[in-house]
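This note's numbering applies: residue 113 is where the sequence shown begins, and numbers increase by one.
Ideal Cβ placement from N, Cα and C applies to all residues, glycine included.
Every value quoted in this text rests on a predicted model; they were computed, and no experiment measured them.
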Amino acid sequence: MTATLPRVDTATAAPVKRRRRSLGWLAVVPLLAFTAIAFGLPALAMLDGAFTVKDPATAATAYSAENLSTSLQGAYLTALLGSVKLSAVSAVLAAVFGLPLAQAVVTSRFRALREAVLTASGVLANFGGVPLAFAFVATLGNAGVLTRHLGLTDKGWDLYSFWGLVIVYLYFLIPLMVLTITPALDGLRSQWREAARNNGATTVQYWRHVALPVLLPSLLGGLVLLFGSAFAAYATAAAMVGSSVPLVTLQIADALSGNVLVGQENVALALSLDMVLVAGLVMAVYLPLQRRSARWLA
Numbered sequence: 113m114t115a116t117l118p119r120v121d122t123a124t125a126a127p128v129k130r131r132r133r134s135l136g137w138l139a140v141v142p143l144l145a146f147t148a149i150a151f152g153l154p155a156l157a158m159l160d161g162a163f164t165v166k167d168p169a170t171a172a173t174a175y176s177a178e179n180l181s182t183s184l185q186g187a188y189l190t191a192l193l194g195s196v197k198l199s200a201v202s203a204v205l206a207a208v209f210g211l212p213l214a215q216a217v218v219t220s221r222f223r224a225l226r227e228a229v230l231t232a233s234g235v236l237a238n239f240g241g242v243p244l245a246f247a248f249v250a251t252l253g254n255a256g257v258l259t260r261h262l263g264l265t266d267k268g269w270d271l272y273s274f275w276g277l278v279i280v281y282l283y284f285l286i287p288l289m290v291l292t293i294t295p296a297l298d299g300l301r302s303q304w305r306e307a308a309r310n311n312g313a314t315t316v317q318y319w320r321h322v323a324l325p326v327l328l329p330s331l332l333g334g335l336v337l338l339f340g341s342a343f344a345a346y347a348t349a350a351a352m353v354g355s356s357v358p359l360v361t362l363q364i365a366d367a368l369s370g371n372v373l374v375g376q377e378n379v380a381l382a383l384s385l386d387m388v389l390v391a392g393l394v395m396a397v398y399l400p401l402q403r404r405s406a407r408w409l410a
């Protein structure tokens, strides 16, 4: 006796599928509305202010690219380049130190160690701002515990400098790199290493010719993510170095508050637009790399 399968009416299945798909779009409407209000309106206000020039004599306003031109000159340009330099150096160093740490976690036989490191990385990656600045000032500042104990001041150490800020940024960028690259390292198949060994390849040759080419999109994607995180950081640098290290986020704060010149609010919006453009370029590089790494490690 053979069992007969129930027949599926294709004429009614297609409308049901389309109806479910339309209901799925309705579920996304609240998220789209929130995005439009929380991100769209501020973005429009920023664009309007960045291209609005106010005449101080008559208080008349007009649309012009003068603010953008000003944001790319003098101290503002120096601050923008300083932020790019700081973010690039911090991201590269965090990637260099974070990759071996993530590999050690992935290859560890102790599951508890892996979970502890990943949990700590999740906490430290989100630890920043004034508390982080205070912790480093109390430890490595001019009157910090380690600074006095090790006599670092006599050796030329200065926390309130470019390299001091790089070290502080590494505190949360290295854990972020560990979280970013660990899934890609998990995707490396053990068969690839075994095949390389069977063909006489050393560990260095395996990493050079097999692992790193496969991990390259994920590494570059993580590097871009680290760059964006460092580029947008503000509170830590503001609490630590003030204006001693030129950064675009600090220049925006000074322009908005009128610490240097009065009436530069729209220049601050132009600087914000410059940051958005840099972030857009960063994301334009990051998204294709993520898709390529997902295809390799699937």
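- If you look at Thr164, you'll find it in the beta strand (DSSP E) that goes 164 to 166.
- The beta-bridge partner set that DSSP reports for Ala174 consists of Val165.
- Per the C-alpha coordinates, the member of Gly186, Ala391, Lys166 positioned closest to Ala177 is Lys166.
- Nearest in C-alpha terms to Val353, of all of Tyr272, Pro212, Val141, is Tyr272.
- Remark: C-beta atoms of Ala206 and Leu285 approach each other more closely than 7 Å.
- About 19 Å separates the Cβ atoms of Leu359 and Ala162, ruling out a contact at the 8 Å cut-off.
- The alpha-carbon of Ser220 is positioned some 7 Å away from that of Arg226.
- Per DSSP, the continuous alpha helix (DSSP H) segment holding Thr294 begins and ends at 274 to 298.
- Annotated as distal: Tyr281 and Ala365, with beta-carbon spacing of 7 Å or more.
- Nearest Cα to Trp304 within the set Gln317, Thr361, Leu198, Thr294: Gln317.
- DSSP, reduced to helix, strand and coil, places Gly256 outside both helices and strands of the structure shown, so it counts as coil.
- By the Cβ neighbour-count rule, Tyr398 is buried, with 16 or more other Cβ atoms within 10 Å of its own.
- Using a Cβ distance threshold of 7 Å, Leu236 and Pro295 do not count as a contacting pair.
- Cβ-Cβ distances below 8 Å link Gly234 to Pro287, Leu291 in the same chain, with the five nearest sequence neighbours on each side left out; the list follows chain order.
- Thr259 sits buried, since 16 or more C-beta atoms from the chains shown fall within 10 Å of its C-beta.
- Judged by DSSP in its simplified three-state form, Phe222 adopts coil rather than helix or strand.
- Arg320 sits in a helix when the DSSP states are folded into three classes.
- Of the candidates Thr173, Thr164, Ala172, Thr164 places its Cα closest to the Cα of Asn179.
- Judged by beta-carbon spacing, Ala351 lies beyond the 7 Å limit of Ala187, meaning their Cβ atoms are not closer than that value.
- Nearest C-alpha to Ala174 among Met387, Asn378, Gly268: Asn378.
- For Thr348, the enclosing alpha helix (DSSP H) has its first and last residue at 347 to 352.
- Spanning the alpha carbons of Ala307 and Val326 requires a straight line of approximately 15 Å.
- Taking C-beta separations shorter than 7 Å and ignoring five residues to either side along the sequence, the partners of Phe339 in its chain run Ser199, Ala200, Ala203, Val394, following chain order.
- Distance from the CA of Ser330 to the CA of Tyr283, rounded to the nearest whole angstrom, comes to 21 Å.
- Going by C-alpha positions, Ala247 is about 49 Å away from Gly312.
- Thr251 counts as exposed, since fewer than 16 other beta carbons sit within 10 angstroms of its beta carbon.
- Across the set Leu262, Trp269, Val196, Ala145, the C-alpha of Val196 shows the shortest separation from the C-alpha of Leu389.
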